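Participant: Residue numbers (the working numbering): 591 to 729.
Cβ coordinates follow ideal geometry from the N, Cα and C atoms, glycine included.
Owing to the predicted nature of the structure, the values given are computational and were not obtained by experimental measurement.
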Ligand SMILES: [Zn+2]
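(1) Terminal residues of the continuous alpha helix (DSSP H) containing residue 674?
(2) Nearest to residue 684 by CA position, among 602, 729, 656, 710, is which residue?
(3) Should the region 644-655 be regarded as contacting the region 622-636, the criterion being three or more beta carbon pairs within less than 8 Å?
(4) Which residues share a DSSP beta bridge with residue 657?
(5) What is the rounded straight-line gap between the Cα of residue 723 and the Cα of residue 687?
(6) Measuring only the C-alpha atoms, how far is residue 689 from residue 695?
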């Protein structure tokens, strides 16, 4: 070996467990119900038909999204996959986060952070969480 070469040891690991799907584990995925004014529809259309014209804003959002089991999933900055929710679902999630089983009447920004940690996403989540916490009568 030439003298100017640096020798490095590369660790090679093998993952022995098969994927979650082949192990037969249950995944809590409900097929999404889309209404006409759903914010997810333009993104899904952009993913399914990338050659069709769409808004630049939609194309940029679609870069971080993928379809999984009929649901729209978004990848966060720290590589966590978050399920994209429609309005009926995210209203329920905000209610549970603020005053339900995991709720301690947090402020909007903390709520938004928590909901992302739980693995949910929607396009206007920061604004909606702040509005929700401001509108809480118990707070
Ligand atoms: Zn409250």
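Facilitator: Short version:
(1) Here residue 674 is taken as the residue at index 84 of the chain shown, counted from 1. Not the alpha helix (DSSP H): residue 674 falls in the beta strand (DSSP E), residues 671-674.
(2) Taking the first residue of the chain shown as 1, we reach residue 684 at position 94. When each option's Cα is compared against that of residue 684, the closest is 710.
(3) yes
(4) Here residue 657 is taken as the residue at index 67 of the chain shown, counted from 1. DSSP output for residue 657 lists 662 as bridge partner(s).
(5) Here residue 723 refers to the residue found at position 133 when the chain shown is read from its first residue. Here residue 687 refers to the residue found at position 97 when the chain shown is read from its first residue. One C-alpha to the other measures close to 10 Å.
(6) If you number the chain shown from 1, residue 689 lands on position 99. If you number the chain shown from 1, residue 695 lands on position 105. Cα-Cα distance, rounded: 6 Å.
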